[in-house]
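The numbering used here applies: residue 375 is where the sequence shown begins, and numbers increase by one.
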Amino acid sequence: MSKDRVFLGSLLTCLYYLVLCSEGTNPGFVGRITNKGLDYARQEGIKALQQQLATLTLPDFSGSYRVSVLGKVDYNFYSLNIQSFQLPSSAIAPIPGVGLKVSITGALAELTGKWQVKNWLFKDSGSFDLRVEGVSISVSLTLGSDPTGRLTANNSDCSAHISDVHVHISGGLDWLYNLFHRSIESAFRRSMEDKICEEVASSARSKLQPFLQSLPVTTKIDNVSGIDYSLVGPPVATNSEVDLKLKGEFFSFTHRSPAPFPPPPLDFPVDHDRMLYFGISTYFFNTAGNVYYNAGALTFVITDDMIPKEFQIRLNTKDFEPFIPQLKERYPNMPMMLKVLPSSAPSLMITPESLSLTPSVDVQAFAILPNSTLAPLFVIGVATTISANVTVNATMIFGSLKLGRLQLSLKHSDVGFFSVQLIEVLMNYFATSSLMPQINARLAKGFPLPLPDDVQLSSIVFQPHQDFLHFGADVRYGQ
């Protein structure tokens with residue numbers, strides 16, 4: 375081969391993958407979090423943040439203050455313990471192009487501690503109560519994705535403001551405290567404002583980010599395939615929702631390669647009744663068919679011991695002789711084997727009315743010779759329509775298939791022309807009684823949805839659209 379041809383072949387290969395990549399920007403799986411879902415996330419997040427703030431620790435406060443006549447007075451406030459931290463009012467809103475903003479208003483905290491004052495003339499100590507009111511917190515979260523396609527949320531901005539700080543001390547020198555209480559209360563305010571944002575950042579690192587990291591990127595299905603749920607780009611925030619665009623494709627464990635077809639665009643409907651909505655493209659299902667087809671996992675071999683005993687026609691040349699006379703002369707009284715293999719990968723079609731497959735299948739028949747070698751007899755083409763059904767539960771997606779009647783045609787014969795009527799009866803019986811139950815049993819095990827840990831779906835609604843399935847659900851967390 376000339377160098378020019380090698381170069382041209384390499385160029386065409388590169389162009390092929392570039393086309394696939396550019397066309398593959400459409401996701402195979404879309405997740406949408408509505409304002410209702412964001413509000414539920416806010417409630418759960420506020421619970422976690424409130425617990426985190428309840429463990430907040432503040433440093434000791436010490437200093438001195440000069441009082442007329444008495445001179446310099448040294449003070450120390452220490453052993454500060456938060457008794458409660460309440461966040462009664464909060465809101466969350468998407469920030470288009472950025473992420474989310476969480477606002478908390480009207481928060482309050484109650485603390486206790488000990489105090490001590492002394493100077494050259496006296497020394498006293500006691501306990502105090504601290505009440506912080508009018509706390510407002512504003513947090514901005516930038517949503518993105520890391521190099522592995524996992525969802526990330528970084529605390530990009532935090533501000534806290536405290537309106538009022540009230541300190542009540544117990545002891546004999548409360549009159550003395552009143553002389554410098556403004557300085558102490560200002561110090562408390564500054565310290566708590568800084569500490570609150572520190573705790574918010576800590577909560578994002580210790581709770582929110584690990585929770586988001588539990589969103590699966592790849593999921594193993596069996597020894598043949600897995601599902602790639604990685605993000606194809608950063609989350610997209612609008613005024614009313616956040617969209618997560620996932621690759622949503624099956625891949626082979628032994629030889630991973632791009633799918634030979636692009637994902638179709640998803641015309642996602644606008645709906646806000648549920649917390650979450652998912653769009654599952656035909657691409658998701660058809661990459662599964664492509665992977666299993668290329669792995670040979672869709673090829674079946676049928677032998678006589680697989681035919682139910684009550685079936686009168688056995689899989690041997692003797693029972694087929696009335697329909698194929700040449701068998702008696704060439705392969706008398708020999709067992710037979712049927713090899714069922716698709717001539718192409720199965721392709722699911724989704725319309726608003728139905729889900730269906732029209733597989734193209736060949737059946738190769740062989741006589742098993744006394745030395746165990748196989749003699750080819752004929753090849754039959756099989757046409758049928760399969761209707762599909764998809765359901766979803768709290769964490770999984772399931773499928774089931776209903777087989778239409780098989781229609782057979784003789785494509786090639788090494789034993790002369792014959793009617794395929796007998797084979798058609800046999801194949802319909804075997805497919806209905808054995809093959810489809812096996813396939814449906816596997817589909818009934820389900821495939822995991824891309825959900826973080828401890829998240830389950832409820833109140834599920836389901837509707838097919840052109841080229842994708844659309845379903846919505848509410849969410850339960852940690853139940």
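Backbone N, C-alpha and C define an ideal beta-carbon position, used for all residues, glycine too. If you're wondering where the values come from, they're calculated on a predicted model, not measured in any experiment.
(request) At 3 residues or longer, and completely inside the segment 447 to 507: list those beta strand (DSSP E) runs for me, N to C. (result) 463 to 469 and 473 to 492
(request) State the beta-bridge partners of H542 as determined by DSSP. (result) D503
(message) For E623, count the other beta carbons within 10 Å of its own beta carbon; 16 or more makes it buried, fewer makes it exposed. Which is it?
(response) buried
(request) Just the C-alpha distance for G398 and P706, rounded to the nearest angstrom, thanks. (result) The predicted position of G398 is uncertain, since its pLDDT is 42 and thus under 50; a value taken from the coordinates is nonetheless stated next. Going by the C-alpha atoms only, they are around 55 Å apart.
(request) Identify whether F685 lies in helix, strand or coil by the three-state DSSP scheme. (result) coil
(request) Since I believe V506 is in contact with C532 (beta carbons under 8 Å), could you give me their beta-carbon distance rounded to a whole number of angstroms? (result) In fact, because the Cβ distance is near 17 Å, the residues do not count as touching under 8 Å.
(message) For K475, tell me which candidate among F821, G790 and V616 has the shortest Cα-Cα distance.
(response) V616
(request) Find out if the Cβ-Cβ distance for the pair K569, L432 is shorter than 8 Å. (result) yes
(request) Starting from the C-beta of M723, find all residues in its chain whose C-beta is less than 6 Å away, skip the five residues before and the five after it, and write them out in chain order. (result) S730
(message) If you measure between the beta carbons of L582 and A527, is that distance less than 8 Å?
(response) yes
(message) Measuring straight from C-alpha to C-alpha, what distance separates Y851 and I676?
(response) 47 Å
(request) To the nearest angstrom, report how far apart P521 and Y603 are at their CA atoms. (result) 13 Å
(message) If the criterion is Cβ atoms closer than 8 Å, does the pair M770 and G846 meet it?
(response) no
(message) My output table needs one value for I698: the three-state DSSP class, helix, strand or coil.
(response) coil
(message) Tell me the rounded alpha-carbon separation between S458 and F403.
(response) 43 Å
(request) Measure the CB-CB distance between I558 and F451 and report whether it falls below 8 Å. (result) yes
(message) Please list the terminal residues of the continuous alpha helix (DSSP H) segment that includes E623.
(response) That residue, E623, is in no alpha helix (DSSP H); its beta strand (DSSP E) goes E623 to S626.
(request) Just the C-alpha distance for L364 and G437, rounded to the nearest angstrom, thanks. (result) Nothing about residue 364 can be reported from this structure: the residues present for the chain run from 375 to 853 only.
(request) Please classify N745: does DSSP put it in a helix, a strand, or coil? (result) coil
(request) Please determine if the segment 756 to 773 and the segment 820 to 834 are in contact, where contact requires at least 3 C-beta pairs separated by less than 8 Å. (result) yes
(request) For V441, name the three-state secondary structure that DSSP assigns. (result) strand
(request) Take the Cβ of T747 as the centre, count every other Cβ of all protein chains shown within 10 Å, and call the residue buried at 16 or more, exposed below. (result) exposed
(message) Please classify S442 as buried or exposed, where buried requires at least 16 other C-beta atoms within 10 Å of its C-beta.
(response) exposed
(request) Give every residue of the same chain whose Cβ lies closer than 6 Å to the Cβ of S832, excluding the five residues on either side of it in the sequence, and list them in chain order. (result) D848 and R850
(message) Buried or exposed, going by whether 16 or more other CB atoms sit within 10 Å of the CB of S576?
(response) exposed
(message) Pop quiz: L775 and M810 are said to be a contact at Cβ under 8 Å. What is the actual Cβ separation, rounded to whole angstroms?
(response) 6 Å
(request) Please classify V629: does DSSP put it in a helix, a strand, or coil? (result) Reading off the sequence shown, one finds His at residue 629, where the question assumed Val. Note: H629 maps to coil in three-state DSSP.
(request) If I'm right that G653 touches F635 with Cβ under 8 Å, what's the distance once you round it to whole angstroms? (result) That belief does not hold up - the Cβ atoms of G653 and F635 are roughly 18 Å apart, past 8 Å.
(request) Enumerate in chain order the residues of its own chain whose CB-to-CB distance from T806 is below 8 Å, with the five nearest sequence positions on each side excluded. (result) L777
(request) Note down the Cα distance separating S787 from V753, rounded to an integer number of angstroms. (result) 6 Å
(message) Given this structure, state the Cα-to-Cα distance separating P470 from H844, to the nearest angstrom.
(response) 24 Å
(message) Per the DSSP calculation, N763 is bridged to which residue(s)?
(response) S774
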